[in-house]
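K.L.:
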Amino acid sequence: MSAPTTPATQSTPEANEASRFDPRAIEPAWQKRWADDGVFVAKREAGKKKYFVMEMFPYPSGRLHMGHVRNYTMGDVVARVRRMQGHAVLYPMGWDAFGLPAENAAIKAKVHPRTWTMQNIEHMRGQFVALGLSYDWSREVTTCEPDYFVHEQRIFIEMWKRGLAYRKGALVNWCDFDGTVLANEQVEDGLCWRCRNPVRQRELEQWFLKITDYADELLSDVSKLEGKWPDKVLRMQENWIGRSVGAKVSFALEHAVGDTRSIEVFTTRPDTLYGVTFLSIAPEHPLATKLVAGTPREAEMSAFIERIGKEDKIQRGAEGAEKEGVATGAFCIHPLTGAKVPIFVANFVLMDYGTGAVMAVPAHDQRDFEFATKYGLPKVVVIEKPGETLDAETMTEAYGDPGTMVRSGALDGTPSVDGKARVGALLTEKSAGGPTVNYRIRDWLLSRQRYWGCPIPMVRCKEHGYQPVPASELPVTLPDDVTLAQGGKSPLATHPTWKHTTCPVCNGPAERETDTMDGFMESSWYPLRYASPGTTDWLDKDEVDYWMPVDQYIGGAEHATKHLIYARFFTKMLSDWGWIGKDIREPFTRLLTQGMVCKETYRCPEHDYVYPEEVQREGESLTCKHCGKAIVVGRTEKMSKSLKNVVEPLPLIEQFGADTVRLFSLFAAPAESMLEWSDAGVEGAFRFLQRLWRLALAVADHAAGPEDPADADLRQKTHATIKKVTEDICGERFQFNTAIAAVMELCNAVYAHPTYKTAPSPAVREAVEAAVRILSPMAPHLTEEAWQKLGHTTLLARSAWPTFDADVAQKKRITYAVQVMGKLRGQVEAEPDADQSVIEPLARALGSARPYLDGKETTKVVFVKGRLINFVVK
RNA sequence: GCCGGGGUGGCGAAAUCGGUAAACGCAGGGGACUUAAAAUCCCUACGCUCGCAAGGGCGGUGCGGGUUCAAGUCCCGCUCCCGGCACCA
């Protein structure tokens, strides 16, 4: 460390200009060079380990935002490091090109969705190149191209043949604004995930994919991902799949309705079966209207059903929502006791979970308790609380915990935890149900009444029903001349000719399916297309099996129960079919969910949210430029147009260069945490890069000097830094922020080295070269330029990742903390291999420690090698 | 209610097999260089407190307990914030 009196550098304005790195001049040149040299083209190479890294591909909205920059920079760092480490790296990019925004934009701007999409792709690809992202563009995937979606039409047909794609009439989620149905996964808080408008239920016939066939494996294989995927995502998937072990119970109707002779219920508490005093069914349950048909209750019931049906999901699920219902007047028979049980229609019963009907045990279920209390229905205690006697008359809430079975016939005295299986067995014996497993996850509603999606390759013949389009006629493509409009009908359905075709079976007239597929279909299998681009039949299985699974996937956690679950489903299914390797059971071995990019918000009492430029700053006080009122600095929130806190990446790349923007987005926060954008922080990143650049110039421009006494410490730092950066980028957790901090420390150490400015010692050269090399994945352009300045003729992007010498990386002097009673009283230095016999006398002699030791009896000495010595005294 | 994550300087954050809290950076202060500015370089920077000074002392990682020679880190009990799910039978 230099004394404060060290003369400052002899820098001059001229020297500064010359030594300033200008990214605008250099970055595009290196981007071109990398592309010309094919540095990033993925190649299978004998003797190399494969490494497949990809980020969630973007929807081509046309605008690059900071979330993209952060996401893709992380993937690029990983790809570049792995390449330098000698892996055969596949790092591809593509476009999730089907979807509603294109269609909506097309309606608004009167351009074809394809034109809009393709223009955006062109634009965004240029932006990705400008960021220096090292994609293998030869494998680019665009999902709206027939050579892409033909494969998913094949997959669909195979699913249909295997009964995994089917049509059924059901209550489905319908978004009036987007004019289409939605999958369960796409309804958030009762709102459409895209347009945030309320979703309502409609009875429609739609195409479904049988993801429920894989519910069990999707759940059990979560254990394979433990520790490699974020815990949060795994737990969300578990909750989404929602496996519940229980029993199905069949209650025979007293009087059959048509061919319906019984009501099936699902329960997780078969042990309480003897406590059933009534049955509740959902308002949407088919029996709800049938049971009252022709009775005096009909009017009341239909009014009730209509009222509940009008409530949206939020209202209905609101906390503390009142339980209400209407008696049907019908009864069913308890399968074990033979008792007559009344049937109610109740608002709290959900049609889309279990069977849409529940057995009510008021004494042991809080909802049933409230319902029974309200309508004066009997409560029967059948599980006794340990050490107490429950009284149904005086209970104030249901008793839901385990206990001992009572009033349960032959099972009295059985612990309720054992009773579950006992009752299950009884039900099986009486053919009135039995043990079962219920899942919360529903089949995937695939069809959409929109134009800009992959056509569902089916035709319908009056004679032969739905038939797949013959393989020779694939792909089924979209017609260009359509009238796009909002409404419940697919534009394909209103096209004058497109849907008319012939039946593959009888050659008679038939109609094409006019619905298209959900956009999540495309993203469910796209890694496979990266692995095997260009084929026209099915994919090249050999290529797929070589590259798959993806070693590292990077994207946002918002896809936890959408894309990430669908992709797992497809991988398992295709593997079962043998279309990809049998041992490829999961698409993504490791997953990193990067945090959001956020910024503080400014709010004026008069003008609501305002842009930073509209804020007048005077010292601490912030006022609105328009009205002079005090500005409230709001919470740091995800960048969004409406909050006026968006920072555009492109102007920043213009001003500071891609390297700076990349470096900042990696440095400012841990990868999985929220990143708060800071303009000052960006400038800091820029300054650091300039600093590194000056170091490189100093080493390049000055003749090498002799060795220096300070070299040993610098060499140690250099090798320790290589070690740390390697671990931070390739270890269990990605820690780009601390990796960069380590390189900064190394640079600071070089600056403090006496020789770097005039006659750099060999250790200085080694340190600077190391800094340039290990920072190259993060700031590829500047380091590539510096690499040339340092006299190298090969590309840094192609060179090997530096290795470290573990002996050199070892500290030569260890600082020991000297503690008395756990309090720090001083420090001593020693050789790394010094043991307690060396340290203790040094510590005892330490002036700062002696006042606390002298005249006292030492009862214990704690010695931690390489760390500290602690005296316990009396 | 359930699941997951978090609370550390003015700010973003380091450090979690228990072992010198605040690395690295931002903002701030001081200085050098400069006619000046920018740029650059150096120093400084948790709070309270003792001292002319050099340099000490005490407190300190959301709150309250506990274990330990030693706790940001482990245990018990709270609290607040963020994200997700939720009348799931």
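Take the first sequence: its position 147, counting from 1, is numbered 1147 in our numbering, and each next residue is one higher.
We put the CB at the ideal spot given by N, CA and C, even for glycine.
Remember, it's a predicted structure, so these values are computed and weren't measured experimentally.
Tell me which residues share the same chain as R1024 and place their Cβ nearer than 8 Å to its Cβ, disregarding the 5 neighbours each side in the sequence.
P.N.:
The residue given as residue 1024 occupies position 24 in the first sequence. Result list for R1024: E1654, G1657, in chain order.
K.L.:
Which of the three DSSP states, helix, strand or coil, is assigned to H1255?
P.N.:
Numbered from its first residue, the first sequence carries residue 1255 at position 255. Looking at H1255 - three-state DSSP - the assignment turns out to be strand.
K.L.:
Consult DSSP for N1438 and reduce its assignment to one of helix, strand or coil.
P.N.:
The residue given as residue 1438 occupies position 438 in the first sequence. If DSSP states are grouped into helix, strand and coil, N1438 belongs with the strands.
K.L.:
Can you tell me whether R1080 is buried or exposed? The criterion is at least 16 other CB atoms within 10 Å of its CB, across all chains shown.
P.N.:
Along the first sequence, read from residue 1 onward, the residue named residue 1080 stands at position 80. Result: buried.
K.L.:
Does the Cβ-Cβ distance between Q1594 and A1671 come in under 7 Å?
P.N.:
Within the first sequence, the letter at position 594 stands for residue 1594. Within the first sequence, the letter at position 671 stands for residue 1671. Contact flag set, yes.
K.L.:
Could you tell me the alpha carbon to alpha carbon distance between E1683 and V1661, rounded to whole angstroms?
P.N.:
Taking the first residue of the first sequence as position 1, residue 1683 is located at position 683. Taking the first residue of the first sequence as position 1, residue 1661 is located at position 661. One C-alpha to the other measures close to 9 Å.
K.L.:
Which whole-angstrom value is the C-beta distance of C1624 and V1610, which I expect to be below 8 Å?
P.N.:
On the first sequence, residue 1624 is found 624 positions in, with the first residue counted as 1. On the first sequence, residue 1610 is found 610 positions in, with the first residue counted as 1. Distance from C1624 to V1610 at the Cβ level is roughly 6 Å; contact confirmed, criterion being Cβ atoms closer than 8 Å.
K.L.:
Report the rounded CA-to-CA distance for E1707 versus I1839, giving the unit in angstroms.
P.N.:
If you number the first sequence from 1, residue 1707 lands on position 707. If you number the first sequence from 1, residue 1839 lands on position 839. Their Cα atoms are separated by approximately 31 Å.
K.L.:
From A1425 to Y1353, what distance separates their C-alpha atoms?
P.N.:
For this step, residue 1425 is matched to residue 425 along the first sequence. For this step, residue 1353 is matched to residue 353 along the first sequence. So the two alpha carbons sit approximately 24 Å from each other.
K.L.:
Mapping DSSP to helix, strand and coil, what is G1126?
P.N.:
Within the first sequence, the letter at position 126 stands for residue 1126. Helix.
K.L.:
Quick one: Cα of T1497 to Cα of P1455, how far?
P.N.:
Residue numbering aside, residue 1497 sits at position 497 when the first sequence is read from its first letter. Residue numbering aside, residue 1455 sits at position 455 when the first sequence is read from its first letter. Rounded to whole angstroms, the gap between the alpha carbons of T1497 and P1455 is 15 Å.
K.L.:
Looking at C-alpha atoms only, which residue of F1251, V1249, L1218 is the closest neighbour of Q1237?
P.N.:
Start at 1 with the first residue of the first sequence, and residue 1237 comes out as number 237. Among F1251, V1249, L1218, the Cα nearest to that of Q1237 belongs to L1218.
K.L.:
With contact counted as at least three CB pairs below 8 Å, one residue from each stretch, are the segment 1497-1508 and the segment 1461-1479 in contact?
P.N.:
yes
K.L.:
Sort L1846, Q1716, T1803 by Cα distance to C1810 and report the nearest one.
P.N.:
On the first sequence, residue 1810 is found 810 positions in, with the first residue counted as 1. With the sequence shown as reference, residue 1810 is identified as Gln, and Cys is not the correct amino acid for it. The shortest Cα separation from Q1810 among L1846, Q1716, T1803 belongs to Q1716.
K.L.:
Tell me whether K1599 sits in a helix, a strand or coil according to DSSP, three-state version.
P.N.:
The residue you call residue 1599 lines up with position 599 of the first sequence. The answer is strand: DSSP assigns K1599 an E or B state.
K.L.:
Am I right that I1869 and V1818 are in contact with their C-beta atoms under 8 Å? What's the rounded C-beta distance?
P.N.:
For the purposes of this step, residue 1869 is taken as the residue at position 869 of the first sequence. For the purposes of this step, residue 1818 is taken as the residue at position 818 of the first sequence. With a Cβ gap of about 6 Å, I1869 and V1818 count as contacting.
K.L.:
Indicate whether L1528 and V1544 have their beta-carbon atoms separated by less than 7 Å.
P.N.:
The residue labelled residue 1528 in the question sits at position 528 within the first sequence. The residue labelled residue 1544 in the question sits at position 544 within the first sequence. Yes, they are a contact pair.
K.L.:
Return the chain-ordered ranges of every beta strand (DSSP E) run that is complete within the segment 1675-1740 and spans a minimum of 3 residues.
P.N.:
Listed in chain order, there is nothing to give.
K.L.:
Do three or more CB pairs link the segment 1793-1806 to the segment 1834-1851 at distances below 8 Å?
P.N.:
no
K.L.:
Around the Cβ of V1699, are there at least 16 other Cβ atoms within 10 angstroms (buried) or fewer (exposed)?
P.N.:
As a first step, residue 1699 is located in the first sequence; it is residue number 699 there, counting from the start. Flag for V1699 reads buried.
K.L.:
So is T1005 buried or exposed if we call it buried at 16+ other beta carbons inside 10 Å?
P.N.:
Looking up residue 1005 in the first sequence gives position 5. With a pLDDT of 27 at T1005, under the threshold of 50, the modelled position of this residue cannot be trusted; read the value that follows with caution. It is exposed - the Cβ of T1005 has fewer than 16 other Cβ atoms within 10 Å.
K.L.:
Taking the alpha carbon of E1473 as the point to measure from, which residue in T1501, H1364, M1159, A1669 has its own alpha carbon closest?
P.N.:
As a working note, residue 1473 is residue 473 in the first sequence. Nearest of T1501, H1364, M1159, A1669 to E1473, Cα basis: T1501.
K.L.:
How many Å lie between E1027 and D1147 at the Cα?
P.N.:
Here residue 1027 refers to the residue found at position 27 when the first sequence is read from its first residue. Here residue 1147 refers to the residue found at position 147 when the first sequence is read from its first residue. Answer to the nearest angstrom: the Cα atoms are 34 Å apart.
K.L.:
Which full runs of the alpha helix (DSSP H) of 4+ residues lie inside the segment 1551-1591, going along the chain?
P.N.:
1563-1577
K.L.:
Buried or exposed: D1854, going by 16 or more other Cβ atoms within 10 Å of its Cβ?
P.N.:
Translated into the one-based positions of the first sequence, residue 1854 becomes position 854. Exposed.
K.L.:
Have a look at M1405 and I1383 and give me their C-alpha separation to the nearest angstrom.
P.N.:
Locating residue 1405 in the first sequence gives position 405, where the first residue counts as 1. Locating residue 1383 in the first sequence gives position 383, where the first residue counts as 1. Straight-line Cα distance between these residues: approximately 5 Å.
K.L.:
Measure the alpha-carbon distance for E1264 versus E1388 and round it to whole angstroms.
P.N.:
Taking the first residue of the first sequence as 1, we reach residue 1264 at position 264. Taking the first residue of the first sequence as 1, we reach residue 1388 at position 388. Straight-line Cα distance between these residues: approximately 33 Å.
K.L.:
Please classify R1070 as buried or exposed, where buried requires at least 16 neighbouring CB atoms within 10 angstroms.
P.N.:
One-based indexing of the first sequence puts residue 1070 at position 70. By the 10 Å Cβ count, R1070 comes out buried.
K.L.:
Please classify H1781: is it buried, with 16 or more other beta-carbons within 10 angstroms of its beta-carbon, or exposed?
P.N.:
As a first step, residue 1781 is located in the first sequence; it is residue number 781 there, counting from the start. Result: buried.
K.L.:
Can you tell me whether M1236 is helix, strand or coil according to DSSP?
P.N.:
Along the first sequence, read from residue 1 onward, the residue named residue 1236 stands at position 236. Looking at M1236 - three-state DSSP - the assignment turns out to be helix.
K.L.:
Using the three-state DSSP reduction, which class does V1864 fall into: helix, strand or coil?
P.N.:
Start at 1 with the first residue of the first sequence, and residue 1864 comes out as number 864. DSSP places V1864 in strand when its eight states are reduced to three.
K.L.:
With distances taken Cα to Cα, identify the nearest neighbour of K1823 among V1872, A1668, G1409.
P.N.:
As a working note, residue 1823 is residue 823 in the first sequence. Taking only the C-alpha atoms, the option nearest K1823 is V1872.
K.L.:
For T1012, collect the residues of the same chain with a Cβ closer than 7 Å to its Cβ; drop the 5 residues on either side in sequence, then sort them by chain order.
P.N.:
As a working mapping, residue 1012 is identified with position 12 in the first sequence. Only weak support is given to the placement of T1012: the predicted model assigns it a pLDDT of 33, under 50, and the value that follows is read from those uncertain coordinates. Annotation for T1012: no residue places its beta carbon closer than 7 Å to its own, counting only its chain and skipping 5 residues before and after.
K.L.:
Look at the Cβ atom of R1440, then the Cβ atom of G1242, and state whether they are nearer than 7 Å.
P.N.:
Taking the first sequence and counting its residues from 1, one reaches residue 1440 at position 440. Taking the first sequence and counting its residues from 1, one reaches residue 1242 at position 242. Contact flag set, yes.
K.L.:
Which residues does DSSP pair with R1243 in a beta bridge?
P.N.:
Taking the first sequence and counting its residues from 1, the one referred to as residue 1243 is at position 243. Bridge partners of R1243: Y1439.
K.L.:
In this structure, does DSSP put W1801 in helix, strand or coil?
P.N.:
Residue 1801 sits at position 801 when you count from the first residue of the first sequence. Here W1801 sits in coil by DSSP.
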